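Trainee: Pasting a structure here, questions to come.
There are 2 protein chains.
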Amino acid sequence: MYYNMGMIYLDHAAATPVDKRVLEAMKPYFTERFFNPSAAYLPAKEVSSDYEAAKNTIAHAIGVKGSDLIITAGATEANNLAFTSLSNKFSDEARRCSSFSERSLAPVVTGLGRSGIAPSAIMLLEREHPSCHRILYLITEHDSVRHVAERYGGEAIKVLPNGIIDLDDLKKKITDETELISVSLANNELGTVQPLAEVASIIREIKIERMKRGIKKQLLLHSDASQALNLLDINVARLGVDLLTLNAGKIYGPKGVGALYVSHDVKLKPLTLGGGQENGLRSGTENVPGVIGFAKAMELAKKHLNGNRKKYVNWRKILLTELQGYELINHKHVLDNFMVLCYNGIDAERLVFLLEEKGVYVATGAACAASKGVRSHVLEAIGLSDEQIAGSLRITLGETNDEDQIHEAVKIINEIVKNEYQRIKALSR
Amino acid sequence: MYYNMGMIYLDHAAATPVDKRVLEAMKPYFTERFFNPSAAYLPAKEVSSDYEAAKNTIAHAIGVKGSDLIITAGATEANNLAFTSLSNKFSDEARRCSSFSERSLAPVVTGLGRSGIAPSAIMLLEREHPSCHRILYLITEHDSVRHVAERYGGEAIKVLPNGIIDLDDLKKKITDETELISVSLANNELGTVQPLAEVASIIREIKIERMKRGIKKQLLLHSDASQALNLLDINVARLGVDLLTLNAGKIYGPKGVGALYVSHDVKLKPLTLGGGQENGLRSGTENVPGVIGFAKAMELAKKHLNGNRKKYVNWRKILLTELQGYELINHKHVLDNFMVLCYNGIDAERLVFLLEEKGVYVATGAACAASKGVRSHVLEAIGLSDEQIAGSLRITLGETNDEDQIHEAVKIINEIVKNEYQRIKALSR
Numbered sequence: 069m070y071y072n073m074g075m076i077y078l079d080h081a082a083a084t085p086v087d088k089r090v091l092e093a094m095k096p097y098f099t100e101r102f103f104n105p106s107a108a109y110l111p112a113k114e115v116s117s118d119y120e121a122a123k124n125t126i127a128h129a130i131g132v133k134g135s136d137l138i139i140t141a142g143a144t145e146a147n148n149l150a151f152t153s154l155s156n157k158f159s160d161e162a163r164r165c166s167s168f169s170e171r172s173l174a175p176v177v178t179g180l181g182r183s184g185i186a187p188s189a190i191m192l193l194e195r196e197h198p199s200c201h202r203i204l205y206l207i208t209e210h211d212s213v214r215h216v217a218e219r220y221g222g223e224a225i226k227v228l229p230n231g232i233i234d235l236d237d238l239k240k241k242i243t244d245e246t247e248l249i250s251v252s253l254a255n256n257e258l259g260t261v262q263p264l265a266e267v268a269s270i271i272r273e274i275k276i277e278r279m280k281r282g283i284k285k286q287l288l289l290h291s292d293a294s295q296a297l298n299l300l301d302i303n304v305a306r307l308g309v310d311l312l313t314l315n316a317g318k319i320y321g322p323k324g325v326g327a328l329y330v331s332h333d334v335k336l337k338p339l340t341l342g343g344g345q346e347n348g349l350r351s352g353t354e355n356v357p358g359v360i361g362f363a364k365a366m367e368l369a370k371k372h373l374n375g376n377r378k379k380y381v382n383w384r385k386i387l388l389t390e391l392q393g394y395e396l397i398n399h400k401h402v403l404d405n406f407m408v409l410c411y412n413g414i415d416a417e418r419l420v421f422l423l424e425e426k427g428v429y430v431a432t433g434a435a436c437a438a439s440k441g442v443r444s445h446v447l448e449a450i451g452l453s454d455e456q457i458a459g460s461l462r463i464t465l466g467e468t469n470d471e472d473q474i475h476e477a478v479k480i481i482n483e484i485v486k487n488e489y490q491r492i493k494a495l496s497r
Numbered sequence: 069m070y071y072n073m074g075m076i077y078l079d080h081a082a083a084t085p086v087d088k089r090v091l092e093a094m095k096p097y098f099t100e101r102f103f104n105p106s107a108a109y110l111p112a113k114e115v116s117s118d119y120e121a122a123k124n125t126i127a128h129a130i131g132v133k134g135s136d137l138i139i140t141a142g143a144t145e146a147n148n149l150a151f152t153s154l155s156n157k158f159s160d161e162a163r164r165c166s167s168f169s170e171r172s173l174a175p176v177v178t179g180l181g182r183s184g185i186a187p188s189a190i191m192l193l194e195r196e197h198p199s200c201h202r203i204l205y206l207i208t209e210h211d212s213v214r215h216v217a218e219r220y221g222g223e224a225i226k227v228l229p230n231g232i233i234d235l236d237d238l239k240k241k242i243t244d245e246t247e248l249i250s251v252s253l254a255n256n257e258l259g260t261v262q263p264l265a266e267v268a269s270i271i272r273e274i275k276i277e278r279m280k281r282g283i284k285k286q287l288l289l290h291s292d293a294s295q296a297l298n299l300l301d302i303n304v305a306r307l308g309v310d311l312l313t314l315n316a317g318k319i320y321g322p323k324g325v326g327a328l329y330v331s332h333d334v335k336l337k338p339l340t341l342g343g344g345q346e347n348g349l350r351s352g353t354e355n356v357p358g359v360i361g362f363a364k365a366m367e368l369a370k371k372h373l374n375g376n377r378k379k380y381v382n383w384r385k386i387l388l389t390e391l392q393g394y395e396l397i398n399h400k401h402v403l404d405n406f407m408v409l410c411y412n413g414i415d416a417e418r419l420v421f422l423l424e425e426k427g428v429y430v431a432t433g434a435a436c437a438a439s440k441g442v443r444s445h446v447l448e449a450i451g452l453s454d455e456q457i458a459g460s461l462r463i464t465l466g467e468t469n470d471e472d473q474i475h476e477a478v479k480i481i482n483e484i485v486k487n488e489y490q491r492i493k494a495l496s497r
């Protein structure tokens, strides 16, 4: 256990505590080593080189160089930044297929509490006529990919009932206009690991075929790897991606720090302008402690990857064997710490509440979706019925757990589920 | 002294260490209270309410409510976000005065190291014909305002030789097209405090006059207050601003956290899309420890404002009295901890280096400009000669200092300056 939290926390996909060793690594950069990396004197230059070294550590963990990374305030910003790789829309070519009208500029983001929010001018201006999709994205993507892709008029790629990308649907939907394909490495609600290398291989074939026909349009592969950084051995070359989103907050690093890996031949545009940090692509004084912490978290994740995976596989087996009355939603190609269990006929939100009273913390879906009371678009996409969605619990294991907790969780969950089934049975009499 | 750093740090405008009390306040939110504020269980909801309480603390310090703030990753993002308040350009009206051409989309950000950087599509698409300025900005603004304003085709307002806004120039440049005026509360290189209330009063008059003529176009006042948060008693109503940029990293809070105050009647557009946090205007899992730290830093800044100001005024007096051979560049309406001293004929960059060897840390200009070897646009704007700019040192006092250090600094600076003048004299013989 990292911290004695007096609870059994089984929601590591939503958030992880900062590892003590990570916090220790960060501390000096809040205090004695607080200097602005852009300042001219030596201690500031040392901070600057520590920052670059930390970027290198993060980069090396995925098989690239520090200069290939753009540090961001998290995965959401990195995902948004990835979409700036689209070629300039106002080229003659794009102009032909774009139908600009007042109506296409109508606000899309609505009902988010604050009155009068209009969607980004940026996004709106980039929006295209639906008949010329430049973006394809997996239908189960996180909102930070999905909403941007939709805003640009992107088209969704289907998933099979097991949550894996439908490669036939992908092939069918790639046209000569397609520039960017976004497929997460592992889904945040199901833990489903996508066959990125296969996607990359399809893309390679199409690029060769395009080249033969003299079509020069780019065709990039972006992947959000936020959920998988400490559960898979990630190597950019092996994955075959051009853009990869990383996040510290899900791997026992600090919240508010992420990065985008950018291949050398990809041109991005900054989302914000200013002092020109991160090679002009992401201005603002560097979050030095955050990046130092991110690097330490990556280092630890890499070091303990195999040990942790074995541990989770074992705990998962205990849970799946000893828990009762559930249907397993995510069978295959799933991160080792992930389980989505469906208790048919039971309201999972009620289960979350009852389990919480016994000190067990689980989720119904992604935290973002849960807080808005929106039905999970992911569970819908894999073809679950309304009743199945309503009865689905997400359990994600992690470093705050130990084996005793797993046995204890089994006991508590089984008892509560049993009581619930009895209660429902009694009600229906 | 906050930390025994074994040095005399006189560059508090570039960066400040995190106050020990701030770090203590942050710690639990890295560890035990790490939950995702969007999760459904009680401990997560408690974190969410701590986060909202922290936003309220920050907001109250400037006389507004927490719901009026959008938390960002720093001042740069907040400044960029402020510019999304521009009305949608593709209204009929804007269309009339916009001349869209391929040439106006040519990259503007160049020479920043990484090859092939193109400016944000966003910004480019928003760029207008120079003859219809919708933005006015003070010529001495920080790059994160200046570069965005320039990208939108904004026009610069002049400053007087004392660094204060030329109100006559402002009045002359406001046209019926003007929508947004950006004037920082205090300049980051000179510390010059701008008469924002006077600017606001001019704007009010113009709005009344516009109303009489039936012109409904918005006219907003944005101000970057990053540099002044712990040195002035800031109240949004008194300043008369519609948008105000705040930053934790300059007031002994953590780097990578900032906020934008947004008046109720101002409509912003998100720079990034995703989970819909911050009322849909700034998606991404909340940086809880960062915001908790920001709130603590604001609380301390407010509490010690008068005491610290008195202390700095006293130390400033000692320095200005006892230092020799300089010309004071910023005389009046300057933050209490700021001094820009010009040593005519001496290379200030050399001084920074020589002082560093004796443990005294000062700056030549803004850290960002310094690291790029670019001549300060601020010192140029107030009419300094090339020689004066080359000889200018920025000294900014702060909480790492004590009176002994000030006396020690006087001794060291005077000695080094004396030696330099002698060396130059010897060379010129």
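Residue numbers (the working numbering), protein chains in the order written: chain A, 69 to 497; chain B, 69 to 497. Glycine included, C-beta positions come from ideal geometry on N, C-alpha and C. It should be emphasised that the depicted structure is a prediction, and the values quoted were computed from it without experimental measurement.
What does Thr464(A) reach in chain B if we use C-beta pairs closer than 7 Å?
Mentor: The premise fails here: Thr464(A) is roughly 12 Å from chain B at the closest Cβ pair, so nothing lies under 7 Å.
Trainee: Considering Ser117(A), what are the terminal residues of the alpha helix (DSSP H) in which it resides?
Mentor: Run containing Ser117(A): 110-128, per the alpha helix (DSSP H) assignment.
Trainee: What does DSSP give as the partner residues of Tyr329(B) in its beta bridges?
Mentor: Leu137(B), Leu312(B)
Trainee: Can you name the start and end residues of the beta strand (DSSP E) that Arg462(A) belongs to?
Mentor: 460-464
Trainee: Whole alpha helix (DSSP H) runs in the segment 259-295 of chain B with 4 or more residues, listed along the chain?
Mentor: 264-280
Trainee: Hey, could you find the ends of the alpha helix (DSSP H) Phe22(A) is sitting in?
Mentor: A question about residue 22(A) goes unanswered here, because the residues of chain A that appear run from 69 up to 497.
Trainee: Kindly indicate which three-state DSSP category Ala431(A) falls into: helix, strand or coil?
Mentor: Strand.
Trainee: Between Ala431(B) and Ala108(A), what straight-line distance do the alpha-carbon atoms span, to the nearest angstrom?
Mentor: 7 Å
Trainee: By DSSP, does Glu245(A) sit in helix, in strand, or in coil?
Mentor: coil
Trainee: Would you give the residue range spanned by the beta strand (DSSP E) that Ala146(A) belongs to?
Mentor: Counting along the chain, Ala146(A) falls outside any beta strand (DSSP E), though it belongs to the alpha helix (DSSP H) covering 143-150.
Trainee: Apply the 10 Å Cβ neighbour rule to Leu311(B) and answer buried if 16 or more other Cβ atoms are within range, or exposed otherwise.
Mentor: buried
Trainee: Compare the C-beta of Thr246(A) with all C-beta atoms of chain B and state if any pair is closer than 7 Å.
Mentor: no
Trainee: Give me the residue from Gly413(A), Phe421(A), Ile138(A), Gly393(A) with the minimum Cα distance to His332(A).
Mentor: Residue Ile138(A) is the option with its Cα nearest to His332(A).
Trainee: Arg443(B) touches chain A at which residues, Cβ-Cβ below 8 Å?
Mentor: Near Arg443(B) there are no residues of chain A at all, since even the closest Cβ is about 14 Å away, more than 8 Å.
Trainee: For the segment 198-216 of chain A, enumerate the residues whose C-beta is nearer than 8 Å to any C-beta of chain B, in chain order.
Mentor: His210, Asp211, Ser212, His215, Val216
Trainee: For Pro357(B), which residues in the same chain have their Cβ closer than 6 Å to its Cβ, ignoring the five residues on either side in sequence?
Mentor: Met94, Tyr97, Phe98
Trainee: Would a check of beta-carbon distances place Gly259(A) closer than 7 Å to chain B?
Mentor: no
Trainee: Could you run through the segment 300-327 of chain B and flag, in chain order, every residue whose CB is less than 8 Å away from some CB of chain A?
Mentor: Gly317, Pro322, Lys323, Gly324, Val325
Trainee: Do you know offhand how far Leu336(A)'s Cα is from Asn148(A)'s?
Mentor: 11 Å
Trainee: With Val408(B) as the anchor, note down where its beta strand (DSSP E) starts and where it stops.
Mentor: 406-410
Trainee: Taking the straight line between their C-alpha atoms, what separation do you get for Ile130(B) and Arg214(B)?
Mentor: 24 Å
Trainee: Do you know offhand how far Lys379(B)'s Cα is from Lys88(B)'s?
Mentor: Approximately 20 Å between the Cα atoms of the pair.
Trainee: Can you check which of these residues, Gly308(B), Tyr329(B), Lys323(B), Ser294(B), is closest to Ile273(B) by C-alpha distance?
Mentor: It should be noted that the sequence gives Glu, not Ile, for residue 273(B). Closest option to Glu273(B), judged by alpha-carbon separation, among Gly308(B), Tyr329(B), Lys323(B), Ser294(B): Gly308(B).
Trainee: Contact between the segment 368-377 of chain A and the segment 391-399 of chain A is defined here as three or more beta-carbon pairs at a separation below 8 Å; is this criterion met?
Mentor: no
Trainee: Under 8 Å Cβ to Cβ from Val507(B), same chain only, skipping five residues before and after it: list those, please.
Mentor: Residue 507(B) lies beyond the range of chain B shown here (69 to 497); nothing can be said about it.
Trainee: Are Ala143(B) and Thr313(B) closer than 7 Å when you measure CB to CB?
Mentor: With contacts defined by Cβ atoms closer than 7 Å, Ala143(B) and Thr313(B) form a contacting pair.
Trainee: What span of residues does the alpha helix (DSSP H) with Ile225(A) cover, start to end?
Mentor: That residue, Ile225(A), is in no alpha helix (DSSP H); its beta strand (DSSP E) goes 223-225.
Trainee: Using only the alpha-carbon positions, how far apart do Ser351(A) and Thr152(A) sit?
Mentor: 15 Å
Trainee: Are the C-beta of Phe151(A) and some C-beta of chain B separated by less than 7 Å?
Mentor: no
Trainee: In the segment 219-231 of chain A, which residues sit with their C-beta less than 8 Å from some C-beta in chain B, listed in chain order?
Mentor: Arg219
Trainee: Anything in the segment 346-358 of chain A with a Cβ closer than 8 Å to a Cβ of chain B? List those residues in chain order, please.
Mentor: Asn347, Gly348, Leu349, Ser351, Gly352, Thr353, Glu354, Asn355, Val356, Pro357, Gly358
Trainee: Between which residues of its own chain and Glu448(A) is the CB-CB distance below 8 Å, once the five residues before and five after are set aside?
Mentor: Ile457
Trainee: Return no unless some Cβ of chain B is closer than 7 Å to the Cβ of Pro85(A).
Mentor: yes
Trainee: Between which residues of its own chain and Thr464(A) is the CB-CB distance below 7 Å, once the five residues before and five after are set aside?
Mentor: Leu78, Asp79, His80, Ala81, Asn405, Phe406
Trainee: Using a Cβ-Cβ cut-off of 8 Å (strictly less than) and excluding sequence neighbours within five positions of Thr353(A), which residues of its own chain qualify?
Mentor: Contacts found: Asn104, Pro105, Ser106, Gly343, Gln345.
Trainee: Report the three-state DSSP secondary structure of Ile480(A) (helix, strand or coil).
Mentor: helix
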